[in-house]
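Below is one structure, written out as structure tokens; comments come after it.
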Amino acid sequence: MSAVKQTPAPAPSPMPSPAARYVWYGALFVLGVLVGLAGSLVQAAWFPGGLLLALLATTGLFYGGLRATGTQIGVASAAGGWLVAVILLSVGRPEGDGVFGGGTGELIFLFGGMAIAVMCATMPRLPRPTP
């Protein structure tokens with residue numbers, strides 16, 4: 180008979196302290212602004228591939244916020260930054276300039292990003308493994 184060598188399970192990552200979570204929330208908000216800005220520019224420039232790339236980036240950010248903080252507030256802070264950037268870019272200036280031209284791609288980006296944020300916020304969290 181041969182003995183099977185079992186390796187011990189990895190130790191679970193400790194829950195971040197409240198101060199560390201607040202730092203994560205602030206960083207996710209700033210990343211949300213940056214992803215919203217980049218997505219707004221890319222989705223119109225390389226349609227339809229840019230739209231897909233922008234939506235994939237928002238999905239990665241929102242799901243990453245959920246996994247990094249372990250709470251739905253991580254998704255909400257990233258989505259809040261994303262939404263602020265997208266709304267500010269969609270509002271035109273008095274001269275009539277605006278980033279969004281009002282086409283189908285812009286609407287898919289706006290509503291698709293909001294739908295992705297809701298999906299990520301309502302995903303069940305996986306329980307942390309116990310030692």
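Note that our numbering numbers the sequence shown so that position 103 is 282, with each residue one more than the last.
The beta-carbon is built from N, C-alpha and C at its ideal position, and this holds for glycine as well.
Note that the structure is predicted; figures quoted are calculated from it, not measured.
Could you pull out every residue in the same chain whose Cβ sits closer than 6 Å to the Cβ of A188, ignoring the five residues on either side in sequence? Counted from its first residue, the sequence shown places residue 188 at position 9. With a pLDDT of 49 at A188, under the threshold of 50, the modelled position of this residue cannot be trusted, and the question is left open.
If you compare alpha carbons, which of V297, L231, T301, V209 is closest to G218? Mapped onto the sequence shown, residue 218 falls at position 39. Of V297, L231, T301, V209, the residue nearest in Cα terms is L231.
DSSP three-state call for G271: helix, strand or coil? The sequence position of residue 271 within the sequence shown is 92, counting from 1. Residue state, collapsed to three classes: coil.
Is it buried or exposed, V297, if we count other Cβ atoms within 10 angstroms and call 16 or more buried? The residue labelled residue 297 in the question sits at position 118 within the sequence shown. So V297 ends up on the exposed side.
With H, G and I counted as helix, E and B as strand and the rest as coil, what does DSSP make of T248? Position 69 of the sequence shown, counted from the first residue, corresponds to residue 248. DSSP places T248 in helix when its eight states are reduced to three.
Do I252 and Y204 count as a contact pair if the criterion is CB distance below 8 Å? Stepping through the sequence shown from its first residue, residue 204 is reached at position 25. Stepping through the sequence shown from its first residue, residue 252 is reached at position 73. Yes.
Sub-8 Å separation of G292 and T237 beta-carbons: Residue 292 sits at position 113 when you count from the first residue of the sequence shown. Residue 237 sits at position 58 when you count from the first residue of the sequence shown. A contact, by the Cβ cut-off of 8 Å.
In the DSSP assignment, find the unbroken alpha helix (DSSP H) run with M293 in it and report its ends. Here residue 293 refers to the residue found at position 114 of the sequence shown. 283-300 is the span of the alpha helix (DSSP H), which, as asked, contains M293.
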